[in-house]
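Asks:
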Amino acid sequence: MSFIHVERPTNGHVITRFYKWHNYNYRFPDGCELPLQVQYAWCHGCELFVEAEKLFTTQEIQQKIENLSIKPEEWLQDIQSKMPEFAEWIQTQEIDGRPMLEVRVEERRQRRESWISALNWFDKRKSTARCLECGSMTAIKVLPWHEVIPHPYGEGVVELTFDATIVDGPLPTWTPPPIYFDLEGNRLTAAEDDSDKG
Numbered sequence: 003m004s005f006i007h008v009e010r011p012t013n014g015h016v017i018t019r020f021y022k023w024h025n026y027n028y029r030f031p032d033g034c035e036l037p038l039q040v041q042y043a044w045c046h047g048c049e050l051f052v053e054a055e056k057l058f059t060t061q062e063i064q065q066k067i068e069n070l071s072i073k074p075e076e077w078l079q080d081i082q083s084k085m086p087e088f089a090e091w092i093q094t095q096e097i098d099g100r101p102m103l104e105v106r107v108e109e110r111r112q113r114r115e116s117w118i119s120a121l122n123w124f125d126k127r128k129s130t131a132r133c134l135e136c137g138s139m140t141a142i143k144v145l146p147w148h149e150v151i152p153h154p155y156g157e158g159v160v161e162l163t164f165d166a167t168i169v170d171g172p173l174p175t176w177t178p179p180p181i182y183f184d185l186e187g188n189r190l191t192a193a194e195d196d197s198d199k200g
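Residue numbers (the working numbering): 3 to 200.
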């Protein structure tokens, strides 16, 4: 299991711990859904270290579209060159009675369409990155990775670090329920979420 720590590098005291196991997604007006990138910040509104949006750049979205534009046979060939056992396995498996390879190719096509849609939606966005707790745009200070900085609202210094903890036994298979945000990074309520589904 992976953890993100905000800690005091002087004594190792962990101030805040985030489980790197979230399921945040954007839901756009056309129904398109995409994962929301997370960065870590101090929010002056919450007076806490929080998860915050990390906005995709146009270049990042275009790169995702380009990567997903590879023809299915080229994609499989790439997998065969890097992971031959997996390539062989994926060609013998089924999902709901359909060949797994066919399902994965269709998923890639759908993801490509979603990213093309996202390129249009993100061009229209007006707000900057938000705190995922309170929604503030102006009160967040993003923390750099592995860099000792003054505490944004206190004494001493802090550092954002990553810790991959070895889990004894099987890894958990539970996935947290999705939390949806609109184009401007506002958290959708359950009622808004249901109404968007039509």
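Glycine is no exception: its CB is placed at the ideal position from the N, C-alpha and C atoms.
On a predicted model such as this, the values are computed, not experimentally measured, just so you know.
1) Shortest alpha-carbon distance to Leu78 belongs to which of Ser71, Leu70, Ala89 and Glu68?
2) Where does Gln79 fall in DSSP's three states?
3) Can you name the residues that DSSP bridges to Gln41?
4) For Leu70, name the three-state secondary structure that DSSP assigns.
5) Under DSSP, the alpha helix (DSSP H) around Pro107 begins and ends at which residues?
6) Helix or strand or just coil, what does DSSP make of Trp147?
7) Go ahead and pull the three-state DSSP assignment for Phe164.
8) On a Cα-Cα basis, can you pick out the residue from Leu70, Pro31 and Glu53 that is closest to Gln41?
9) So what does Glu96 bridge to, in DSSP terms?
10) Do you know whose CA, among Ile181, Gln112 and Pro31, lies nearest Ile67's CA?
11) Using a Cβ distance threshold of 8 angstroms, determine whether the region 98-112 contacts the region 15-27, with at least three qualifying pairs required.
12) State buried or exposed for Phe164, treating a residue as buried only when at least 16 other CB atoms are found within 10 Å of its CB.
13) Please report how far the alpha carbon of Pro203 lies from the alpha carbon of His148, in whole angstroms.
Replies: Looking at the coordinates:
1) Ala89
2) helix
3) Ala54
4) Residue state for Leu70 is assigned as helix, using DSSP reduced to three classes.
5) One point to set straight first is that residue 107 is Val, not Pro, in the sequence displayed. Residues Met102 to Lys126.
6) In this structure, Trp147 counts as strand in the three-state DSSP scheme.
7) strand
8) With distances taken between CA atoms, Gln41 lies nearest to Glu53 out of Leu70, Pro31 and Glu53.
9) Pro101
10) Minimum Cα distance to Ile67 is reached at Gln112.
11) No, the region 98-112 does not touch the region 15-27.
12) exposed
13) The chain is shown only over 3 to 200; residue 203 falls outside these bounds and no answer can be derived.
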